[in-house]
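Mapping the sequence shown onto the numbering used here, position 257 (from 1) lands on 249, and the numbers just tick up by one. From the three backbone atoms N, C-alpha and C, an ideal C-beta is built for every residue, glycine too. What follows is a short report on a single structure.
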Amino acid sequence: MISIGVALQVGAANWDIIWHGIVNVESFFTPPHLVLYSGVGLSLITTIIGIVISIKSDYGLKKQLSLFHKIPNPLKLIALGCIIEIFSGQFDSWWHSNFGFDGLLSPPHLLLISGMLLSIIGSLVGIHLYDTHKKFKTISQMIAFGILWMILINLVFMFTLPLSKGQYFDFNPSPTVALVLGSTLPPVFTAIIFYSIQSLPFAFRMTFVTAILMTIQLLATIISNNYFIGLLPLYLVNILIPVSLDIISIYTKNWNKLLDIFQNKDSKRIIFSIAISIFFITIYFPWSVNMYKTYFGIERITFESVIIFEQLLWKFILPVLVPVSLISSFLGILVWRKLYGYEKLINMFRIVV
């Protein structure tokens, strides 16, 4: 339920960008905001219920502890995220009242996505640590990974999309910074997410996680307006990428003698993770192409993203972005593996959670 609440929030955040582009009316009480803070409420209520159950059950502790110590640490992390989200809502309302229209990147919006990130990480850690039905646990993990993936990409968008000029403050990123961050971080985060899910005992795990992100993107961005709804069939083609990789993964399990490259299971994980990361430009469409338009002097609005894509395809996406994505995702996985195997870091993580 917490993951669903966070999914409502991140979906509504994307819808909010589209809403401002179409309606062009600035008010705190808009449909996207209502959905967003309904998601905050759902996460908060679920967290409170979890805390109450934890306090009553004692989780098998032999000695009495303070109420605070009876609460599992993942729930504390989720609760902290919810508190930040609630505060960001009040902050956002105050910001609108005093400064009017705000762009994508603003102090209250940054607080909000930070709260989302804490909540979904807490949810993912909680799912991982506590024993539940195996199949339910696997599905819950994949849902949480899909939402975490969406939040990480949205965090990148906050610092790369030229949509942060408000009435009083201009937080738009430098075109060069947007180009660098937008070319490296999305494939890195995508590769790490898909590298992490390869060990889950579910045949079509890559398809499932991709479907989570695509569902949120479809509802919030593609079919929420008349400008992009015509792209629905083309956008759905993206799902064929993880489906193909999952099928290859399934049918190469017994081909190790024929395919030496797959004899090392970790090499297989890396290859699949890199393969899907290079398609981020279409999976995250339309926001993805808008990260680069300022650098290339393309004066087109978000609703003209198809034209932006066409202008960038041959001069940037294929000759530059795809190779950079390959290298970035590979290096990102190497760094992640190094950190994951760092004993002091793992021990510190165990103490925290």
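Between T152 and S320, the C-beta spacing is not below 8 Å.
Taking a C-beta distance under 8 Å as the contact criterion, S80 and G158 do not qualify as a contact pair. The Cβ atoms of I113 and L69 sit closer than 8 Å to each other. For K260, the secondary structure class from DSSP, reduced to helix, strand or coil, is helix. Of all alpha-carbon atoms in K127, D162, F277, F186, the one lying nearest the alpha-carbon of A212 is that of F277. Here the alpha carbon of Y227 sits roughly 42 Å from the alpha carbon of I63.
Nearest in C-alpha terms to D258, of all of L121, I47, F186, is F186. Taking P225 as reference, the option from F194, K260, I275, T244 with the minimal CA-CA separation is I275. The beta carbon of I(-6) sits closer than 7 Å to those of S35, T38, T39, I70, S111, S115, all from its chain and outside the five residues before and after it, given in chain order. Counting C-beta atoms within 10 angstroms of its own C-beta, S89 has fewer than 16 neighbours from the protein chains shown and is therefore classed as exposed.
By the CB criterion at 8 Å, I135 and I204 fall inside the cutoff. Exposed is the label assigned to I242, since fewer than 16 other Cβ atoms lie within 10 Å of its Cβ.
Bridge pairing for K157: D162 [DSSP]. T213 carries a helical assignment under DSSP once its states are collapsed to helix, strand and coil. In this structure, the straight-line span from the alpha carbon of K285 to that of R292 is close to 8 Å. It is roughly 36 Å from the alpha-carbon of K260 to the alpha-carbon of L102. Between the C-alpha atoms of L331 and M198 there is a straight-line separation of about 23 Å.
Spanning the alpha carbons of V117 and Q133 requires a straight line of approximately 9 Å.
Less than 8 Å separates the beta-carbon of F264 from that of Q190.
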